[in-house]
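>
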Amino acid sequence: MKLISKQIKSTTKEFLGNYVSIPLLAWLILPLILMDTFVSSLCLNISVYFTKVRHFEPFLIGETVSLYYVGSFIGSLIGGSLTLKYSSLKIASISSIFLGIGFLSLLNTRDVFELKIMMLCIGLLTNLLSTSNLSSFIRTAKNDPGMKLKLINLELAIFNLSFSISAYVLISLGVEQIDYILIFTSICLCVLGIFAYCIKHIDIFSPPQTLNKSGLCKPKNYKILLGILFSVILVGLIFSMIKVIYAPTIEQRFGDNGVSVLVASINPWIIFLLQPFLVNRLKNKDNIIVMGFGAFIIGTGYLFFGLSSSFWMTVFSLIFLTLGEMLYSPISKSIIISLFDHGREGFALGLWRAVFLGSGFMGPIFSGWAAQKYGNMMVWEFCGILGLSGLLLCLIISQSYRYTVEVNRFNSATPN
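Taking our numbering, the leading residue of the sequence shown gets 653, the next gets one more, and so forth.
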């Protein structure tokens, strides 16, 4: 009993340490992180809103969501670059206020063309906000790579909790209640934008004065960077494709009730509870191979989800794919950040987000078209193919990196 009690105390201490033991300034950024992750989650579940409130067909949903991804791509690129020149909190302040106005405008937009343009703008502003907020969050860790990984894990855990809440809002609440939530969200965005503007002068959130502009986009290893970014494209395609049919599939499979909300909440709650433990134990392994298996598990997990018909098979597939997500996302971000010098975290994260979300432009269009013409199963099968491709790519990258290291070691050991 003493051994069990000791283990429980140790696990509890580690769990609290992963979420509480962060820099003091990071706590100052947490309200902004909470709000921008909730807004991002609402946007990623927006297909439920378009199905439930606007009664759109799958192809039209795909077109609209694709424009959101186009805006996301532009916003991530711009946001990452702007953090090299301006205070990350100043960028967050401006984008938060305009995003609040954008959400209010979305409620009053009835024309389909105007709605598409609005989703493009919301995608741009959401990712300006997310990139600048995460950059501010990570800068509080200064030069501590372990703390940076912890903050990345924490942000992803918060995002997944927000995803669970947004799924509840869009699946369980009525149309009028959803409108009230969107109005409240808009007000909070504007208030937090003013808060960010008031604290934007703190030095740590400003770009380093010694930033070498001539090496702005110069990574430490081009081959690794390109390989990792290509794997991000593959995983980004998976996530963008399922956004059109994932939440509607849960609602169709289990109805508009608490069971659907429970199923939709499995993924985020598992990530919140287990991800830090998992990543902390694997961070000293071959990160590229671990990341590759993460991509493979994500793809095959969604394939199993598509094949599932019962509640328990659905739960199993979601637990399985969640394991892949816990492996892939934080490790891929951490690798890309490590390929750039200190002070360029915002640029590195903007690049990751731009590639991840930009790859989603074709995903929703293909998914909506395939689901409408051939059925949802074709989309789930394609997810499995993309996941396998991601694993093979990461194995090739890892092998190439090891070969390069060995060659460099041999050359340095050989006398002139």
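Built from N, CA and C at the ideal position, the CB exists for glycine as well.
#1: Pick out the complete alpha helix (DSSP H) segments inside the stretch 980-1037, 4 residues or longer, and give them in chain order.
#2: Take PHE755 as the anchor and find which of THR783, LEU741, ASP688, ALA809 has the nearest alpha-carbon.
#3: Check ASN795 in the structure and name its three-state DSSP category.
#4: For VAL967, does the three-state DSSP call read helix, strand or coil?
#5: Helix, strand or coil for ASN785? Go by DSSP, reduced to three states.
#6: Spatial neighbours of VAL672 within its chain, please: CB distance less than 6 Å, with the 5 preceding and 5 following residues excluded, ordered by chain position.
#7: Once you ignore the five residues that flank LEU844 on each side, which residues in its own chain have a CB closer than 7 Å to its CB?
#8: Below 6 Å CB to CB, which residues in the same chain sit around LEU801 once its five sequence neighbours on both sides are set aside?
#9: Among residues of its own chain, excluding the 5 on either side of SER814, which ones have a beta-carbon nearer than 6 Å to its beta-carbon?
#10: Mind checking LEU841: buried by the 16 CB within 10 Å criterion, or exposed?
#11: Use the C-beta contact count for LYS1025: other C-beta atoms within 10 angstroms, 16 or more gives buried, fewer gives exposed.
#12: Between which two residues does the alpha helix (DSSP H) containing ASN688 stretch?
#13: Give the DSSP-derived three-state secondary structure of ASP763 in the structure shown.
#14: What ranges does the alpha helix (DSSP H) occupy inside the stretch 686-752, keeping only unbroken runs of at least 4 residues that lie completely in it?
#15: Inspect the CB distances between the stretch 774-785 and the stretch 721-730 and report whether three or more fall short of 8 Å.
#16: Quick check on DSSP: helix, strand or coil for PRO859?
#17: Residues in the same chain with beta-carbon distance under 6 Å from SER912, minus the five sequence neighbours each way, listed in chain order, please.
#18: Using the Cα positions of GLY752 and ILE746, report the straight-line distance between them to the nearest angstrom.
#19: Are GLY1010 and THR735 close, meaning C-beta to C-beta below 8 Å?
#20: Express the C-alpha separation of ASN697 and SER818 in angstroms, rounding to a whole number.
#21: What three-state label does DSSP hand PRO900 in the structure shown?
#22: Mind checking MET771: buried by the 16 CB within 10 Å criterion, or exposed?
#23: Helix, strand or coil: how does DSSP classify PRO871 here?
#24: Could you tell me if GLU766 is buried or exposed, where buried requires 16 or more neighbouring beta carbons within 10 angstroms of its beta carbon?
#25: My assumption, with CB atoms under 8 Å, is that THR792 sits in contact with ALA678. Please give the rounded CB distance.
#26: Using the Cα positions of LEU719 and PHE968, report the straight-line distance between them to the nearest angstrom.
#27: Using the rule of at least 16 other Cβ atoms within 10 Å of the residue's Cβ for burial, across every protein chain shown, is PHE789 buried or exposed?
#28: Rounded to the nearest angstrom, what separates LEU1044 and ILE839 at their Cα positions?
#29: Pick out whichever of ILE810, VAL705, PHE811 has its Cα sitting closest to the Cα of ASN760.
#30: Can you tell me where the alpha helix (DSSP H) holding SER838 begins and where it ends?
#31: What distance in whole Å lies between the Cβ atoms of GLY879 and PHE1008, which are believed to be in contact at a cut-off of 8 Å?
#32: Sorted by chain position, which residues of the same chain lie with C-beta nearer than 7 Å to LEU808's C-beta, five sequence neighbours on each side aside?
#33: Pick from GLY944, ASN939, LEU973, LEU991: whose alpha carbon is nearest that of PRO871?
#34: Indicate the three-state DSSP secondary structure (helix, strand or coil) for SER960 in the structure shown.
#35: When DSSP labels each residue in this structure, what does ILE880 get in the three-state scheme?
According to the data block:
#1: With a minimum length of 4 residues, the continuous alpha helix (DSSP H) runs that stay inside the stretch 980-1037 are 997-1010, 1014-1025.
#2: Taking the sequence shown and counting its residues from 1, one reaches residue 755 at position 103. Here the closest residue by C-alpha is ASP688.
#3: The residue given as residue 795 occupies position 143 in the sequence shown. Coil at ASN795, not helix or strand.
#4: Here the question's residue 967 lines up with position 315 in the sequence shown. VAL967: helix per DSSP, three-state reduction.
#5: What you label residue 785 is simply residue 133 of the sequence shown in a count that begins at 1. Of the three classes helix, strand and coil, the one that applies to ASN785 here is helix, per DSSP.
#6: The count along the sequence shown starts at 1 and reaches residue 672 at position 20. Excluding sequence neighbours, VAL672 sits near nothing in its chain.
#7: Counting from one through the sequence shown, the residue named residue 844 turns up at place 192. PRO683, LEU684, MET687, SER748, listed in sequence order.
#8: Here residue 801 refers to the residue found at position 149 of the sequence shown. Closer than 6 Å at the Cβ level, and outside the excluded window around LEU801, lie SER986.
#9: Sequence index remark: in the sequence shown, residue 814 carries index 162 (1-based). Here the set comprises THR689, PHE690, SER693.
#10: Taking the first residue of the sequence shown as position 1, residue 841 is located at position 189. Label assigned to LEU841: buried.
#11: As a working mapping, residue 1025 is identified with position 373 in the sequence shown. Burial call: exposed.
#12: Looking up residue 688 in the sequence shown gives position 36. The sequence as given places Asp at residue 688; Asn does not occur at that position. 676-696 is the span of the alpha helix (DSSP H), which, as asked, contains ASP688.
#13: Start at 1 with the first residue of the sequence shown, and residue 763 comes out as number 111. ASP763 falls in the coil class under three-state DSSP.
#14: 698-704, 710-734
#15: yes
#16: Taking the first residue of the sequence shown as position 1, residue 859 is located at position 207. In this structure, DSSP gives PRO859 a state outside helix and strand, which the three-state scheme calls coil.
#17: Here residue 912 corresponds to residue number 260 of the sequence shown, with the count starting at 1. ILE823, ILE902, GLU903, PHE906, listed in sequence order.
#18: Taking the sequence shown and counting its residues from 1, one reaches residue 752 at position 100. Taking the sequence shown and counting its residues from 1, one reaches residue 746 at position 94. Answer to the nearest angstrom: the Cα atoms are 10 Å apart.
#19: Within the sequence shown, numbered from 1, the residue matching residue 1010 stands at position 358. Within the sequence shown, numbered from 1, the residue matching residue 735 stands at position 83. For GLY1010 and THR735, no; Cβs fall outside 8 Å.
#20: For the purposes of this step, residue 818 is taken as residue 166 along the sequence shown, with counting starting at 1. For the purposes of this step, residue 697 is taken as residue 45 along the sequence shown, with counting starting at 1. Computed Cα separation, rounded: 7 Å.
#21: Reading the sequence shown from its first residue, position 248 is the one you call residue 900. Helix, per DSSP.
#22: Mapped onto the sequence shown, residue 771 falls at position 119. So MET771 counts as buried.
#23: Within the sequence shown, the letter at position 219 stands for residue 871. Coil.
#24: The residue labelled residue 766 in the question sits at position 114 within the sequence shown. Result: exposed.
#25: Position 140 of the sequence shown, counted from the first residue, corresponds to residue 792. Position 26 of the sequence shown, counted from the first residue, corresponds to residue 678. Right, the Cβ-Cβ distance comes to about 4 Å (below 8 Å), so this counts as a contact.
#26: Locating residue 719 in the sequence shown gives position 67, where the first residue counts as 1. Locating residue 968 in the sequence shown gives position 316, where the first residue counts as 1. Using only the alpha carbons, I get a separation of about 33 Å.
#27: Here residue 789 corresponds to residue number 137 of the sequence shown, with the count starting at 1. Residue environment for PHE789: buried (at least 16 other C-beta atoms within 10 angstroms of its C-beta).
#28: In the sequence shown, residue 1044 corresponds to position 392, counting from 1. In the sequence shown, residue 839 corresponds to position 187, counting from 1. If I take the Cα positions, the gap works out to 46 Å.
#29: The residue you call residue 760 lines up with position 108 of the sequence shown. Residue VAL705 is the option with its Cα nearest to ASN760.
#30: Numbered from its first residue, the sequence shown carries residue 838 at position 186. Counting along the chain, the alpha helix (DSSP H) containing SER838 begins and ends at 827-850.
#31: For the purposes of this step, residue 1008 is identified with residue 356 of the sequence shown, where counting begins at 1. For the purposes of this step, residue 879 is identified with residue 227 of the sequence shown, where counting begins at 1. PHE1008 to GLY879, Cβ: 15 Å. No contact.
#32: Walking along the sequence shown from the start, residue 808 turns up at place 156. The answer, listed in chain order, is ILE923, GLN927, SER981, PRO982.
#33: Looking up residue 871 in the sequence shown gives position 219. The shortest Cα separation from PRO871 among GLY944, ASN939, LEU973, LEU991 belongs to LEU991.
#34: Here residue 960 corresponds to residue number 308 of the sequence shown, with the count starting at 1. The answer is coil: DSSP assigns SER960 none of H, G, I, E or B.
#35: Indexing the sequence shown from 1 puts residue 880 at position 228. ILE880 falls in the helix class under three-state DSSP.
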